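Numbering (the working numbering), first residue to last: 73 to 286.
So this is what it looks like as structure tokens:
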């Protein structure tokens, strides 16, 4: 009996060590947040759109996802991808991580993982051998990563449209996270891409009262 208890305790310790080691490795990953914004500052969403996103934006997005090898999304943003074989194939072999507090974590779909928090998503990617996390939306997930200080680079596409639906990139501006502009690129005549990296000297770091992911 003593041997069984000791073995169980050892296994629990090894599991905890592996999890926290992965979490720490996740914090050392390069974390890239990618977003497309309207002229009035809203995150562009597909719901309610009468026109498709700019082709240049989609091409750039797909290229960066495949380069990182993964894509971190919220439940709503991931739903159309997971329900479409065409979209899943187009993103393959990139690993999709869905950040949600409500979806079941146990699934038999090798195409995606479910994480309960940004930290959990990073830990799972680190365990899978990734050195970069590519955060693709939506606004709730953007906020969750930003307010925890878990974004190293911002790639923002400024698109030539005024949106009537969607959310702001940050809904809680009280948390101070500072970035510096390192590159301006024209994806097309109308779409400008801004590349920022985090300014460690001015970053306020993670704050209390984190955004809840759904």
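Note that beta-carbon positions come from the ideal geometry of N, C-alpha and C, so glycine has one too. Here the structure is a predicted model, which means the values were calculated and not measured.
Could you tell me the alpha carbon to alpha carbon distance between residue i and residue j, rounded to whole angstroms?
i: residue 253; j: residue 223; result: 14 Å
i: residue 100; j: residue 138; result: 20 Å
i: residue 165; j: residue 134; result: 12 Å
i: residue 95; j: residue 129; result: At residue 95 the pLDDT is 47, less than 50, meaning the model places this residue with poor confidence and gives no usable figure here.
i: residue 239; j: residue 205; result: 22 Å
i: residue 167; j: residue 219; result: 24 Å
i: residue 110; j: residue 197; result: 30 Å
i: residue 203; j: residue 104; result: 11 Å
i: residue 271; j: residue 210; result: 23 Å
i: residue 256; j: residue 226; result: 12 Å
i: residue 158; j: residue 152; result: 10 Å
i: residue 231; j: residue 264; result: 7 Å
i: residue 163; j: residue 268; result: 25 Å
i: residue 260; j: residue 108; result: 14 Å
Tell me whether residue i sits in a helix, a strand or coil according to DSSP, three-state version.
i: residue 115; result: strand
i: residue 215; result: helix
i: residue 157; result: helix
i: residue 220; result: coil
i: residue 263; result: coil
i: residue 226; result: strand
i: residue 108; result: strand
i: residue 233; result: coil
i: residue 143; result: strand
Contact defined as beta carbons within less than 8 Å: I believe residue i pairs with residue j. What is the distance between those atoms, to the nearest angstrom?
i: residue 116; j: residue 235; result: 6 Å
With a threshold of 8 Å between beta-carbons, can residue i be considered close to chain B, or not?
i: residue 171; result: No chain B appears in this structure, which consists of one protein chain only.
For this session: Determine, using beta-carbon pairs with one atom in the region 121-132 and one in the region 142-159, whether at least three such pairs fall under 8 Å.
Result: no
Problem set entry | Within the region 171-207, ranges of the beta strand (DSSP E) (whole runs, at least 3 residues) | 184-187
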